[in-house]
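In our numbering, the protein residues as written are 938 to 1138.
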């Protein structure tokens, strides 16, 4: 009987070490022809199986998020510290969704639909989320200001008001002054200034 006990102990210890310490999930104790030790092996296998299911369920959500899938949530029933981990993971997903919806709305409104002045409002964000929201809001605000400034000068010139100054630098004629712009917006502002200058000469 001592030999059978040692046989079971070796297999139980192997599975407990694999699952509990080494993170190798899915291990099961397999013993054959051993009387009286079946309940122990069943209990160990049940614990290992339950832990494996819980960890895989929780780990699947960050994996999905890393792929850009925000539809996944941890829905397995867990207790104790695993319940805290479940709540934390699901909260992170909720935060991703909230920031994504609000920031995307502003980007679409300002960048695609031409609705100027939009701002993303996301409550209780911190760190990178707050930085991202702040940067998108600044971009939307700068873009709105740039478009409005160019529009005012163009409208004034079209109405014959060649002396109209919009954010001027003291140059006679309408000027579209837009700070810190680059790329296409700089070209548009330059073209509006050139148009006003040509019309006043």
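Where a beta carbon is used, it is the ideal one built from N, C-alpha and C, also for glycine.
Contact check, residue i vs residue j under 8 angstroms by CB: the rounded distance?
i	j	result
residue 949	residue 981	5 angstroms
residue 945	residue 977	7 angstroms
residue 1040	residue 1070	6 angstroms
residue 1035	residue 1059	6 angstroms
residue 1063	residue 1043	Not really, about 19 angstroms apart at Cβ, beyond 8 angstroms.
Measure the C-alpha to C-alpha separation of residue i and residue j and round it to an integer number of angstroms.
i	j	result
residue 1050	residue 964	55 angstroms
residue 1046	residue 1025	32 angstroms
residue 983	residue 1021	22 angstroms
residue 1008	residue 1033	11 angstroms
residue 1012	residue 988	15 angstroms
residue 1053	residue 1096	23 angstroms
residue 1074	residue 1091	26 angstroms
residue 969	residue 979	13 angstroms
residue 1093	residue 1077	24 angstroms
residue 1006	residue 957	29 angstroms
residue 1018	residue 985	17 angstroms
Note the first and the last residue of the continuous alpha helix (DSSP H) segment covering residue i.
i	result
residue 1047	1018-1048
residue 1064	1064-1095
residue 1058	Neither: residue 1058 is in no alpha helix (DSSP H) and is coded neither H nor E.
residue 1006	Where residue 1006 is concerned, there is no enclosing alpha helix (DSSP H), given that its DSSP letter is neither H nor E.
Check whether the Cβ of residue i lies closer than 8 angstroms to any Cβ atom in chain C.
i	result
residue 1014	Among the chains in the structure shown there is no chain C, since it carries only a single protein chain.
State whether the segment 995-1005 contacts the segment 1018-1032, with contact taken as three or more CB pairs (one from each stretch) at a distance under 8 angstroms.
yes
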